[in-house]
Amino acid sequence: MVFQGASNLALDAKGRLSVPTRHREVLQLLCQGRLTVTKHPDGCLMLFPRPTWEVFRDKVAALPMSASGWKRVFLGNAMDVEIDSASRVLISPELRRSAGLKNDVMLLGMGSHFELWDAETHAAHEAEVMAGPLPDALKDFSF
Numbered sequence: 001m002v003f004q005g006a007s008n009l010a011l012d013a014k015g016r017l018s019v020p021t022r023h024r025e026v027l028q029l030l031c032q033g034r035l036t037v038t039k040h041p042d043g044c045l046m047l048f049p050r051p052t053w054e055v056f057r058d059k060v061a062a063l064p065m066s067a068s069g070w071k072r073v074f075l076g077n078a079m080d081v082e083i084d085s086a087s088r089v090l091i092s093p094e095l096r097r098s099a100g101l102k103n104d105v106m107l108l109g110m111g112s113h114f115e116l117w118d119a120e121t122h123a124a125h126e127a128e129v130m131a132g133p134l135p136d137a138l139k140d141f142s143f
């Protein structure tokens with residue numbers, strides 16, 4: 001399964017996020033609605049279907065001691081969540097705070113997982129990326 005596309009969403013007063021309709025059925029089939037949320041190096045959050053998280057978690061756990069700080073970032077902040085009967089996922093206060101999530105958020109399908117951004121932060125980050133040079137990896141890419 002590949003997740004793609006952007007969804008403008010709003011967190012409710014308790015920090016819950018409604019899972020977009022187009023992803024609900026796939027997430028139920030893929031992981032019975034069980035996800036794991038953790039920090040991303042760019043300041044957003046990553047949401048993984050549980051089987052995908054387990055592969056990522058094992059790769060991170062196998063990193064050498066020189067990467068112990070990143071192990072703490074990814075594994076130490078990971079929280080297991082489940083899609084509730086109203087198709088919502090609770091984002092913990094700690095993770096919301098760390099990603100600067102306010103009310104308006106952007107959920108991006110990134111292939112095997114999702115990124116969750118504060119909407120304003122995402123817009124600024126994307127504008128910065130678009131204003132910068134094309135990375136070498138894309139210079140010979142055909143559109």
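UniProt numbering numbers the first residue of the sequence shown as 1 and each following residue consecutively.
The beta-carbon is built from N, C-alpha and C at its ideal position, and this holds for glycine as well.
Can you tell which of the options has its C-alpha closest to the C-alpha of residue i?
i	options	result
Trp117	Leu29, Arg16, Met1, Asp42	Asp42
Gln32	His122, Ser85, Lys139	Ser85
Asn103	Thr121, Gly109, Gly111, His113	Thr121
So, is residue i buried or exposed, given that buried needs 16 or more other C-beta atoms within 10 angstroms?
i	result
Val129	exposed
Leu134	exposed
Ala99	buried
Leu101	buried
Val81	buried
Arg63	Residue 63 is actually Leu in this sequence, not Arg. Leu63 is exposed by the Cβ-count criterion.
Pro49	buried
Glu25	exposed
Phe141	exposed
Glu115	buried
Would a C-beta distance cut-off of 8 Å place residue i and residue j closer than the cut-off?
i	j	result
Val2	Ile83	no
Leu45	Leu35	no
Ala119	Met106	yes
Leu95	Lys14	no
Arg88	Leu138	no
Thr52	Ser112	yes
Does any CB atom of chain B fall closer than 8 Å to the CB of residue i?
i	result
Lys102	In summary, chain B is missing from the structure at hand, where a single protein chain is found.
### Query
If we count Cβ pairs, one from each stretch, closer than 8 Å, do we get three or more for the stretch 34-51 versus the stretch 67-85?
yes
### Query
Between the stretch 7-15 and the stretch 61-70, are three or more C-beta pairs nearer than 8 Å?
no
### Task
Starting from the N-terminal side, write out each stretch of the beta strand (DSSP E) that is 3 residues or longer and does not extend beyond the stretch 56-128.
79-82, 88-90, 104-111, 114-118
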